[in-house]
Every structure is written in C-alpha cells, then in structure tokens.
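Reading through the structure tokens given below for one structure.
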Amino acid sequence: MGHTRSGRTQKYYTSITYRFIRREKGWYVNATVERKTPKAGTSNLNGLIGIDINAGFLAICEIDRFGNPIKNWSIKVPMYSRRKEQVTASMSDAIKEILKYAILVQKDVMIEKLNFSKKKTQLREKGAAYARMLSGFTYSNFHQLIEAKAKKAGVRIKQVNPAYTSQIGQMKFMARYGLSSHSAAACVIARRGYHLKVEKPRYDTILSLPPNFNKQQSNLSNWRTITAHIKKQYSFKDKIELLKADR
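Numbering (the numbering used here), first residue to last: 625 to 871.
See the structure below:
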C-alpha cells in the first residue's frame, strides 16, 4: 500500500518468487521479492570521504572539494580472538555509522581496491602480530558489507588505487594537518576519488632518501623507491616520530 503524488491511497504489487527446498529435517521455503534500489543521495561535488581499514579499527577522513582534510576520526572494530560472526557484527555497525554520516554531508565514499596481500604488507610494517589481526575474511567482508549497505542506503562507493597511500599520507599530510598516520592514509584515499595527480614526494624530508635518487622519474615510481628504502632504514615507530617532528 502506498500513495500517489496527489495523496490518494494506491495499491502497488510486486512479484514474489518461492523456492521449495527439501532437507534432512523437512521442507524449507525461500521467498524472494524485488526491492527497488534508492537513487544515490551523495556526490563528489562538495568533497569526499575516505576509509582506511586497519587491524582493529577503521580510519576515516573527510575532505573538501579542493582535497583538503576537514574532519577525521576512527571507529573501533575489535578483531583479535573474536569469532567471525562477532567481527562481522562490529564491522557492520561501523559501516552503518560511516554511511549515515555520508548521507548527512551528501558525500561519496572512497575505499581501496581489494588487494589483501598489499594490505598485509603495509600492516606488517607495524609488526607481524599486528598484521595477523586482519584476516583475509575480515578484509574481503568489509568490501562486501560496505558495497551492499551503501547500495541500500543510496551512498555511492568508489574503489581507488591503494598504491602507497600510507607512505604518501605520512610524508605529505600527517604533520601538515596534524593527522594520525592512518587518518593521513584515509585522506589520500579520499583524494584519489578526484583523480588528482599523484602527490610529488618531499625531497627535503628529515628521512634519508635513497642514494642515486632520480627526481626525473614519475611521482609513482619515486614513491615506490622511497617506500622500499625507508622500510629498510627505519622501524615504523621511529619513522612516524621523525615525520611528526618534520613540519
């Protein structure tokens, strides 16, 4: 039952598909109905929201239409020593909270393209035990949950290239805007939704640069070289402390 534009009561009909399944304990009936997907109520006109998934929490950063971070926060998603159902429930609640905010500010949400092996490599920088907290199930489940829930909520989701988002965020945005390393990565993820040119590396950084560094190469190639070199030279904690002081 619904209403027309003029306010009159009107009956609407939809098809229902029934499927009868016989199992050991008896017969089961599955009923499937069509559900209209709401039109997207978000856009990229006034900024975007980026999400960086980590072991134990999600880091979120909102940017304006110029790519500048204007808000950042994190939501805990307990993962250690928890059943898959518990992690899924916590992840689902966190995603609902983010989508609710996206609808409020009418901004599309950016996430990394699914690449679990690269994500584990990033997390392993903080320690093997930390990396083990994020399982392949949780990582892929995040993508499945947010895509499904966003579709129902009318929030547009876009997957972006995850290459060097952590390193770029740490060296370009963390100290500059007072962000955590994870919020800085979420900022880069959000900015990629605007297809901005890959950020130019900082050559005046307090961190040592690779010997025979070629500044004439592409920015992406230079970030690859810098990231590999820094991982060999610094622990994650030392790198972050140095970069926080390098304003």
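Where a beta carbon is used, it is the ideal one built from N, C-alpha and C, also for glycine.
None of the values given here were measured: they were computed from a predicted structure.
Reduced DSSP category for residue i - H, G, I as helix; E, B as strand; rest coil
i, result
"Glu686", "strand"
"Ile830", "coil"
"Phe681", "strand"
"Thr666", "coil"
"Glu709", "helix"
"Leu820", "coil"
Delimiting residues of the alpha helix (DSSP H) encompassing residue i
i, result
"Arg815", "Ser805 to Arg816"
"Lys861", "Phe860 to Ala869"
"Lys855", "Asn843 to Gln857"
Whole-number beta carbon distance between residue j and residue i, since they are thought to touch under 8 Å
i, j, result
"Val779", "Val733", "6 Å"
"Ala774", "Gly674", "So it is not a contact: roughly 14 Å between Cβ atoms."
"Glu736", "Ile813", "6 Å"
"Leu803", "Pro693", "7 Å"
"Ala683", "Ser842", "No, Ala683 and Ser842 are not in contact; Cβ-Cβ is about 27 Å, not under 8 Å."
"Ile727", "Leu769", "No, Ile727 and Leu769 are not in contact; Cβ-Cβ is about 17 Å, not under 8 Å."
"Ile677", "Tyr763", "7 Å"
"Leu833", "Tyr858", "Going by Cβ atoms, the distance from Leu833 to Tyr858 rounds to 12 Å, so no, they are not a contact pair."
"Arg826", "Met795", "5 Å"
"Tyr788", "Thr851", "6 Å"
Range covered by the beta strand (DSSP E) that runs through residue i
i, result
"Asn696", "Pro693 to Lys700"
"Lys731", "Lys731 to Glu736"
Per DSSP, cross-strand counterpart(s) of residue i
i, result
"Asn654", "Arg643"
"Asp676", "Ala683"
Quiz item: Taking the runs of the beta strand (DSSP E) that are 3 residues or longer, which of them lie wholly in the stretch 761-807?
Solution: 781-784
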